[in-house]
Structure formats: C-alpha cells, structure tokens
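First the structure, in the form of structure tokens, and then the observations on it.
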Amino acid sequence: MTPPVSSDSPPDTLDIFNRVRFIMVSPTHPGNVGSAARAIKTMGFHDLHLVAPADPDIVRHPEAIALASGAGDILESARQHASLADALGPVTLAFALTARARAIGPPPCDIREAAAQSAAELGRPDARIAIVLGTERTGLSNEDITLCQRVCHIPANPEYSSLNVSQALQLAAWEMRYALLPLAGAARLPDTHARHDPGSDPASSERVQAMLDHFEQALLAVGFLDPRHPKKLVPRMRQMWTRNRLSADEVDMVRGLCTAMIRSAGHPAPHGAPSPRTLLNEHAQAPGPDRHV
Numbered sequence: 095m096t097p098p099v100s101s102d103s104p105p106d107t108l109d110i111f112n113r114v115r116f117i118m119v120s121p122t123h124p125g126n127v128g129s130a131a132r133a134i135k136t137m138g139f140h141d142l143h144l145v146a147p148a149d150p151d152i153v154r155h156p157e158a159i160a161l162a163s164g165a166g167d168i169l170e171s172a173r174q175h176a177s178l179a180d181a182l183g184p185v186t187l188a189f190a191l192t193a194r195a196r197a198i199g200p201p202p203c204d205i206r207e208a209a210a211q212s213a214a215e216l217g218r219p220d221a222r223i224a225i226v227l228g229t230e231r232t233g234l235s236n237e238d239i240t241l242c243q244r245v246c247h248i249p250a251n252p253e254y255s256s257l258n259v260s261q262a263l264q265l266a267a268w269e270m271r272y273a274l275l276p277l278a279g280a281a282r283l284p285d286t287h288a289r290h291d292p293g294s295d296p297a298s299s300e301r302v303q304a305m306l307d308h309f310e311q312a313l314l315a316v317g318f319l320d321p322r323h324p325k326k327l328v329p330r331m332r333q334m335w336t337r338n339r340l341s342a343d344e345v346d347m348v349r350g351l352c353t354a355m356i357r358s359a360g361h362p363a364p365h366g367a368p369s370p371r372t373l374l375n376e377h378a379q380a381p382g383p384d385r386h387v
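The sequence shown begins at 95 in the numbering used here and counts up by one.
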C-alpha cells in the first residue's frame, strides 16, 4: 500500500494534496463524519468541510471520534459553513458525487475521469478541487449540483448502488490520490530506502546442487524415493527446482525441511553409506528391465 503523505513529504506534495477539499452537505450521522475523516487521512488529504450539519457539535460526538480512529486532527480542523456556496468559495473545479443520472445539469463523468481532470487542473498553482457529497437519505439537491462544474458517478452495481457516504468518499479519495501522486513527484509504492535483503539474492549453483543432494537424501529417508526404481522422479525433481531461480533464503528453507524429514524418519543413513546420487547412478548403470524406465 502506498504510504500516506506526511509532514516529511516534499512541499510540492503537501501543496497539491492540500488543494483538494472534501465537502459533506448536511451530514446527520456522527459516525459518517468520523469515518470520512479517517478515509481522507489515509489517502493523504486533510481538508474536510461540513455544510449545515444537523448537530453543530457533530465533530465532537463520541461516535465521530471513535470512527475517526486516529484522524482526530482532521475532525478538529474540519470547517463548518452555512451554505455550499460558501464552502466552494475558493474552489475552481467541483465534482458533485451522485448515484442518479441527471438529464439537466453539469456534464457527467466517472470518479476516475474526475481524478484525471483534477490532476490536470492542479497543474495550475491557483487551482482548487472539491469533492461534494450529500446525505445518505436524499443525496445532493439540484440546487447543490448546479453549484458544481461536474456531476461525478462511481460505477457501482446498477441493481444495488447504495454506497455509504464515507465509503463513497473513501473511493473518491483513493482515485484522487492515485492520480495526483505522479504530479506530486511521489511514488505509488512504498520506498525501501535502498535497503537490500541478501537472502533474496539468487543462490549459487553450488548451493542449489548441495540442496538437491540433501533433498534426495530426505526422500530416501521417508521412503518416497526407491533407489532401485527411481523412474524419472529425480531428473524431474531437479528440473523443477532449477527452473525456478531459488534465492539464498529459499535454499536454506528447503535444507531445513530436508533435515526435519530425515530426523522425523528416525533412520538416517549410516556413516560412510553411499550418497543417494551414487545409489541412483549405480542402479541406472545396472542391467535389468527398469534401466530405461
């Protein structure tokens, strides 16, 4: 998972993510507000705005605080507005998130297109983006939507497109983050900070061959391999192991498995006994009907 933008991020990264705000219109459920705060923080955003919430103290409600789960700073800094027009004051491109198709109103797009348009818009330093969500019961009103420049849809199941407000906000925040990371000069994958794991290096041929000998010994010990009737087991086994470039750690893991198999069999080969390869070679050279099996 890509790590959230932190205070250690480059200034341009913080600037781009700070120019995206998420607006909840007339929220009624404290849990949704808390979940929304958590959703946007996990994606590196910080700007939550509430328009005419049912409870002016909704951000201090115990349920909101509980569901924010570590995003209390987003709740505390959330701004409240009397109207959507006020909340959209500095915004240059606003997306009204809705599940309903509307014949009249701003042009529609899906959430991924909205994120791409936002990335293009934020190339200008004075650009500001807003994602606007309505209530779960009624969504956004026609008047609210006319204040936005685009209508935005999440392509959910048409037979059951009922998304919780905070779930919809999480999806929107994720798409926005994915689109904005390249613009911010940030990676989409976690950075290992050049740490190298030597155990992941490919094992040498010598180590792999020693492992294969050990594996044959383990197969003999548990009775899976009969040196008198090996058939094609050994060459196929060797082909299987050598086809996959084993790492040093993988070789050690298999050697540990072999040791456990031999120990659990309870009858290791006596000291000075021929190796499995010697036994198999001797059998392969001996006459008999099984020689070419």
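All C-beta atoms, glycine included, are put in the ideal place defined by N, C-alpha and C.
Run of the beta strand (DSSP E) containing residue i, from where it starts to where it stops
| i | result |
| --- | --- |
| A224 | 223 to 227 |
| L191 | 187 to 191 |
| P124 | No beta strand (DSSP E) holds P124; the alpha helix (DSSP H) holding it covers 124 to 136. |
| I117 | 114 to 119 |
| V245 | 244 to 247 |
| R173 | 173 to 175 |
| V145 | 141 to 145 |
Residue environment, residue i, which counts as buried when at least 16 other CB atoms sit within 10 Å
| i | result |
| --- | --- |
| I205 | buried |
| A179 | exposed |
| G350 | exposed |
| M334 | exposed |
| F318 | exposed |
| I239 | buried |
| K326 | exposed |
| A165 | buried |
| G366 | Residue confidence is low: G366 scores 41 on pLDDT, short of 50, so the model does not pin down where it sits. No coordinate-derived value is stated. |
| A266 | buried |
| V316 | exposed |
| E310 | buried |
Beta-carbon proximity check, residue i vs residue j, cutoff 7 Å
| i | j | result |
| --- | --- | --- |
| S120 | T229 | yes |
| A162 | A133 | no |
| I110 | L216 | yes |
| E341 | S298 | According to the sequence provided, residue 341 is Ser. The question's Glu does not apply to it. No, they are not a contact pair. |
| G128 | A172 | no |
| V245 | R222 | no |
| P200 | Q243 | yes |
| F139 | I225 | no |
| L142 | I168 | yes |
| R301 | V259 | no |
| L263 | L227 | yes |
Limits of the alpha helix (DSSP H) - the one that residue i falls within
| i | result |
| --- | --- |
| H308 | 299 to 315 |
| Q333 | 327 to 337 |
| A202 | In the sequence as displayed, the identity of residue 202 is Pro instead of Ala. Run containing P202: none in the alpha helix (DSSP H); it sits in the beta strand (DSSP E), 202 to 204. |
| T232 | No alpha helix (DSSP H) holds T232; DSSP gives it neither H nor E. |
| D180 | 178 to 181 |
Residue closest to residue i, alpha-carbon to alpha-carbon, out of the options
| i | options | result |
| --- | --- | --- |
| A148 | P124, L314, N236 | P124 |
| P219 | Q311, L277, I198 | L277 |
| E237 | S177, P249, N251 | S177 |
| C352 | Q264, L234, P249, L306 | L306 |
| D151 | M118, E310, Q174, L234 | Q174 |
| A55 | R357, P321, R113, P202 | An answer regarding residue 55 cannot be provided, because it is not within the stretch 95 to 387 covered by the chain. |
| I248 | V348, E170, A190, I356 | A190 |
| M118 | C203, G233, A160, A354 | G233 |
message: With three or more beta-carbon pairs closer than 8 Å as the criterion, would you say the stretch 262 to 278 touches the stretch 208 to 224?
response: The stretch 262 to 278 is in contact with the stretch 208 to 224.
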